[in-house]
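For the sequence shown, counting from 1, position 71 maps to 317 in our numbering; every step adds exactly one. Here a beta-carbon is modelled for each residue, glycine too, at the ideal position from N, C-alpha and C. Note that the structure is predicted; figures quoted are calculated from it, not measured. Working notes, structure below.
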Amino acid sequence: MRVNTLKRAAVAFALALPGAAIAAVIAAPAAHADGCYTWNRTLNQGRSGDDVRQLQIRVAGWAGNRDIVELDGRYGPKTAAAVKRFQQAYGLRADGIAGPQTYAKLYQLQDSDCTPAHFTYSELDDGCGRGGYSGGPLSEAQTRQNALETMWKLEALRRSLGDKPLNVTSGFRSRACNNQVGGASDSQHLYGNAADVTSRTSSLCEVARGARNNGFSGIYGPGYPDHDDHVHVDSRRENNSDRSSNTTSWSAPDCGIGAGND
């Protein structure tokens, strides 16, 4: 995990201030993630634009049970609900409107390459040994973007578990890597949409159950073949590049997930 200490200290200070004082502090360069994204207006339902899409990427992990936040740049009810859950999770005023306090918390959470505080591109890299983001069915740039979106959902899952660490054992896989580990021929790992995770502080069933509320449309865990030592999470429902239908698929029978027990 990489931490920009000065940036996060400044934003923590901003979060403690009221009203106009917050706006003044977050306008200072130290409160922004160097090289990353800065919001310049308050966002609420009815707004649209790239700033909305950038927000959606960061709150998609707060979509709610069996739901997803479409990254379409339109601030609709799903985005508002996800923003509200994000605000509740971090002790902010929960009104579903993205303003100074919400942005200050996002600046605190993101690093200068836009990854969330507790996950990195290297962690989500090739499951066979840090081979980069090429070698899959998509361009390297698109695969990295998918991995970024996966990381923000993992950040939400981590927070939902009480800020308990999650360990990524396999993220993006090139075709060669996927063949090497015996992955499915059209695995979500090939697209940067998936991660296999474990935890030393939460049970696998706690992880799998929590993932149901964090925007993951694919969840496989204990009781599903070959998943008794990790939980697989992915975003297959949003993937329009694979050969699978855009559906939700959950199965962790030992955790009461699947077969009508969702």
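{"query": "Candidates 360, 461, 432 and 439: which alpha carbon is nearest residue 404's?", "result": "461"}
{"query": "Is residue 478 helix, strand or coil by DSSP?", "result": "strand"}
{"query": "Using CA coordinates, which residue listed in 292, 488, 440 and 400 is at the minimum distance from residue 419?", "result": "440"}
{"query": "Which of the three DSSP states, helix, strand or coil, is assigned to residue 424?", "result": "helix"}
{"query": "First and last residue of the beta strand (DSSP E) that includes residue 464?", "result": "464-466"}
{"query": "So what does DSSP say about residue 444, is it helix, strand or coil?", "result": "strand"}
{"query": "If you run the structure through DSSP and keep just helix, strand and coil, what is residue 294?", "result": "strand"}
{"query": "Work out the CA separation of residue 434 and residue 309 for me, nearest whole Å.", "result": "20 Å"}
{"query": "For residue 408, count the other beta carbons within 10 Å of its own beta carbon; 16 or more makes it buried, fewer makes it exposed. Which is it?", "result": "exposed"}
{"query": "From residue 277 to residue 315, what does the alpha carbon distance come to, in whole angstroms?", "result": "Note that residue 277 has pLDDT 45, beneath the 50 cutoff, so the model's placement of it is unreliable and the number below is only indicative. Rounded to the nearest angstrom, the two C-alpha atoms are 27 Å apart."}
{"query": "Are three or more beta carbon pairs between the stretch 355-369 and the stretch 385-398 nearer than 8 Å?", "result": "yes"}
{"query": "Which of the three DSSP states, helix, strand or coil, is assigned to residue 458?", "result": "coil"}
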